Structures are given as C-alpha cells and as structure tokens.
Amino acid sequence: MPKTFAEKIKFDVAKHPIVRHQPASVTTLPDLPSTLTTPSDLILSFCQTTDEMASEIKTVTVKKSLTANGYLYLIYPKLKNKLGISGIHRDVLFPALNVDEDSGAVGQTGLKFSRMVSFDDNYTAVGLTWLATNPRRPDNPSGRVATYVDRLPELKQLLGQDPDALASFVTLTPGYQRSWARYVFSPKTTATQQMHLQQTIDLLKTGFASIELWHEGKKRAVEK
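Residue numbers for the sequence shown follow our numbering, so the first one is 311 and each next one is one higher.
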C-alpha cells in the first residue's frame with residue numbers, strides 16, 4: 311500500500327507542527343494550529359503561485375519560524391489537478407525561487423531545497439530545510455544552470471542585437487537569466503546555439519521568462 315503524505319514526511323515525530331493557508335477542499339490533515347507561538351519543526355504551507363511560495367519563504371526566514379532541523383513544506387497545485395485551478399509546473403520552481411542547482415540554496419535565505427513529495431492527486435509538496443543542517447552533495451555539473459553564470463555577459467551582448475529582447479532579459483531574476491544562458495549555450499553545435507538564441511530573442515519579446523514556461527503554455531493550449 312502506498313505511503314501517505316504524513317508517513318512520507320514522518321509527521322508523527324513532529325513536536326510543533328503547524329499548517330498555513332489550508333484550502334477548505336483539503337480534509338486529510340489533522341486539526342493543526344495555523345499560527346506560531348514557538349519555532350516549529352514542521353511547517354506546512356499551501357501556496358497557489360510561485361510568488362506566494364517566495365513570500366512564505368521570506369516570512370519563515372525573517373521570523374526564524376523554523377527550528378534548526380525543521381522542515382518547511384510548500385504545498386502547491388499540480389499542473390494536472392482535478393480542482394479546476396491553475397497549477398505550477400515543477401520545472402519553473404528553481405528559476406522562480408532563485409534556487410542554486412549546485413547547493414540547493416534558495417537565494418540568500420539560508421534555506422535549501424531538500425525533497426519533493428506528492429501530497430495527494432492535486433498537490434505536490436516541496437521540502438526546504440536550513441542549508442547548514444544538511445549540506446547537499448554536489449551533483450554532476452553537466453547541464454546545471456549554475457554552470458552558465460559566467461556566460462551571462464556574453465548572452466547579454468548577443469541579445470543586444472534586439473533592444474526589446476535585452477530589455478526584457480535584464481528584468482528577469484538571476485535564476486531565469488541563468489536558465490536562458492543554459493538553453494542558448496548548452497548545445498554542442500554552433501547551428502543549434504544560433505537557433506536557440508533566435509528562439510530566446512523571440513520568446514523574451516513576447517514576455518516569456520523561461521523556455522519551461524513557454525513549453526507549459528503550449529501544453530496547456532493542447533489540453534484545452
């Protein structure tokens with residue numbers, strides 16, 4: 311029998327769990343407090359957008375709401391949920407939350423991406439913990455977004471041929487910028503790099519923050 315979400319995250323060992331922004335449609339969790347009176351070792355927070363996820367991360371880090379070995383789970387709607395609400399593609403999480411793909415660090419918050427587990431048929435949970443408590447082992451560098459940070463000046467120069475595309479690019483978060491750099495420079499052939507560069511220019515001008523978001527839009531259009 312598949313493990314429940316509570317079993318996956320070892321809910322039974324949490325001493326001070328809380329749940330925030332729980333939708334009325336979610337009835338599988340026990341009755342938990344929604345406000346903190348002491349730092350929690352398990353915070354479950356429902357978020358409908360990546361902006362809400364970023365806001366929750368900021369709140370937890372500023373207020374030091376999480377214990378040294380605690381977990382913050384951001385629970386967001388799956389792309390193909392049955393609730394009729396907009397979902398979040400998992401590929402957009404790292405760029406949107408400025409997650410370093412080498413260390414898992416979430417910007418300068420002191421938190422790190424640790425795990426991803428299914429909550430139920432409609433929601434997925436992303437687990438974060440303090441970076442110092444459980445350092446993430448380095449991954450194979452091939453294909454990592456962070457590998458291309460040194461190519462950003464070169465990419466900006468190439469985008470300079472189209473002022474509108476460059477203007478859109480410089481407004482993006484560092485994570486999205488690195489994602490575009492990987493897309494342009496990761497192909498082995500010059501021809502493919504040129505093709506990706508032109509597509510990057512076209513998509514930036516139409517307002518897409520990443521290639522993943524463009525693919526997500528195409529997928530939704532097909533599903534309608």
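Ideal placement from N, C-alpha and C gives every residue a C-beta, glycine not left out. Predicted model only: the values in this text are computed from it and were never measured.
Query: Same chain, Cβ closer than 8 Å to residue 473, five either side skipped, listed in chain order; Result: none
Query: Sub-9 Å separation of residue 326 and residue 351 beta-carbons; Result: yes
Query: 9 Å Cβ cutoff, residue 509 in contact with chain C; Result: Looking at the structure shown, chain C is missing, and only one protein chain is on hand.
Query: Short Cβ contact (9 Å threshold) for residue 385 with residue 354; Result: yes
Query: Helix, strand or coil at residue 511 [DSSP, three-state]; Result: helix
Query: Residue 329 versus residue 441: straight-line alpha-carbon distance, rounded; Result: 22 Å
Query: Alpha-carbon spacing of residue 483 relative to residue 524, whole angstroms; Result: 17 Å
Query: Straight-line Cα distance separating residue 347 from residue 493; Result: 45 Å
Query: Whole-Å CB distance - residue 424 paired with residue 414, under 8 Å assumed; Result: 7 Å
Query: Test item: CB-CB of residue 398 and residue 359 under 9 Å; Result: yes
Query: Nearest-angstrom Cβ-Cβ length linking residue 377 and residue 349, presumed shorter than 8 Å; Result: 5 Å
Query: Residue burial classification, residue 372 (beta-carbon count within 10 angstroms, cutoff 16); Result: exposed
Query: For residue 379 and residue 324, the rounded distance between their alpha carbons; Result: 11 Å
Query: C-beta atoms of residue 467 and residue 511 nearer than 9 Å; Result: no
Query: C-beta atoms of residue 428 and residue 356 nearer than 9 Å; Result: no
Query: Identity of the residues DSSP links to residue 434 by a beta bridge; Result: 386, 428
Query: Reference residue 485; option with closest CA among 409, 516, 436, 419; Result: 409
Query: Bounding residues of the alpha helix (DSSP H) (the contiguous stretch that carries residue 473); Result: 473 to 479
Query: Simplified DSSP assignment, three categories, for residue 466; Result: helix
Query: Euclidean distance between Cα positions of residue 321 and residue 383; Result: 12 Å
Query: Alpha-carbon to alpha-carbon, residue 498 and residue 513; Result: 22 Å
Query: Residue 522, buried or exposed, once every other Cβ within 10 Å from all chains shown has been counted against 16; Result: buried
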